[in-house]
Amino acid sequence: MASGNPESNPFADPRFSSAANPYQTPAFGPSGRQQLVAMVATKVRAPAIALIAVSLLGLAASSFNAIYAVTVQPPQLDPNAPEFVKAMQQGSVGTVAAVVQGLMILLNLVILVGGIQIFRFQSRVFGIVASILAMLNIGTFCCLLGLPVGVWSLVILFQGDVARAFDAVD
-13 MASGNPESNP FADPRFSSAA NPYQTPAFGP SGRQQLVAMV ATKVRAPAIA
37 LIAVSLLGLA ASSFNAIYAV TVQPPQLDPN APEFVKAMQQ GSVGTVAAVV
87 QGLMILLNLV ILVGGIQIFR FQSRVFGIVA SILAMLNIGT FCCLLGLPVG
137 VWSLVILFQG DVARAFDAVD
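For the sequence shown, counting from 1, position 118 maps to 104 in this note's numbering; every step adds exactly one.
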């Protein structure tokens, strides 16, 4: 009876030795960590770039709205306009609008930093927080883009191999 050694098995094919097994668990040495991160990088980079893009769009819109709120005088209201239109026109200028837009700027900055953290494999937890904030970002309708991007990045970040890659980098 042949032992577990492929050389002693007359039916063993040297192409299928354990060293060439693509399904075996990667080694956890320094090269194994780099290999794991390289395998997962293609999955992680696209949602990270999408989070960065959504945050940059939100930053641009919120910055414009903050500047608009501070520099523009209250508009002349049309007496025939519906009440919600009048409320929107009054709410788009003034100190309160500028403070709200300033908070939206900070929110988009957190999303931006989280996207960068994911891209660089630095902090999975911060990336999860940024993904959730992207889904909740209601300022300037950025949730329309942030919701699918946030869900996508959360799905990727909660995959087992991605979590192991972030843990291997730490």
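Cβ coordinates follow ideal geometry from the N, Cα and C atoms, glycine included.
Hey, residue i and residue j are a contact pair by Cβ (cut 8 Å); roughly how many whole angstroms apart?
i	j	result
ALA151	PHE107	7 Å
VAL135	ALA120	6 Å
PHE105	ALA46	No, PHE105 and ALA46 are not in contact; Cβ-Cβ is about 20 Å, not under 8 Å.
LEU22	ILE97	Contact flag wrong, Cβ pair sits at about 26 Å.
GLY44	ASN94	4 Å
SER41	GLY80	The Cβ separation is near 26 Å, so there is no contact.
SER48	GLY125	6 Å
Helix, strand or coil for residue i? Go by DSSP, reduced to three states.
i	result
PRO68	coil
ASN123	coil
LEU140	helix
GLY63	Correcting the residue type first, residue 63 is Leu in the shown sequence and not Gly. The answer is coil: DSSP assigns LEU63 none of H, G, I, E or B.
ARG106	coil
GLN87	helix
VAL58	coil
GLN145	coil
VAL99	helix
GLY113	helix
VAL30	helix
GLY44	helix
GLU135	One point to set straight first is that residue 135 is Val, not Glu, in the sequence displayed. Helix, per DSSP.
VAL79	coil
Only counting the same chain, and skipping five residues up and downstream in sequence, which positions put a Cβ closer than 6 Å to that of residue i?
i	result
LYS29	ILE142
CYS129	ASN123
SER109	GLN103
SER117	GLY136, SER139 and LEU140
VAL26	ASP147, VAL148 and ALA151
GLY113	GLY100, GLN103, ILE104 and LEU143
Please check if any C-beta of chain B sits within less than 9 Å of the C-beta of residue i.
i	result
ILE118	The structure shown contains no chain B; it holds only a single protein chain.
What does a CB cutoff of less than 7 Å around residue i pick up in its chain, not counting 5 residues either side in sequence?
i	result
ALA52	ALA84, GLN87, GLY88 and ILE91
ASP153	none
VAL115	GLY100
CB-CB under 8 Å to residue i, same chain, minus the five flanking residues each way: which ones, in chain order?
i	result
ASN66	none
ARG31	PHE105
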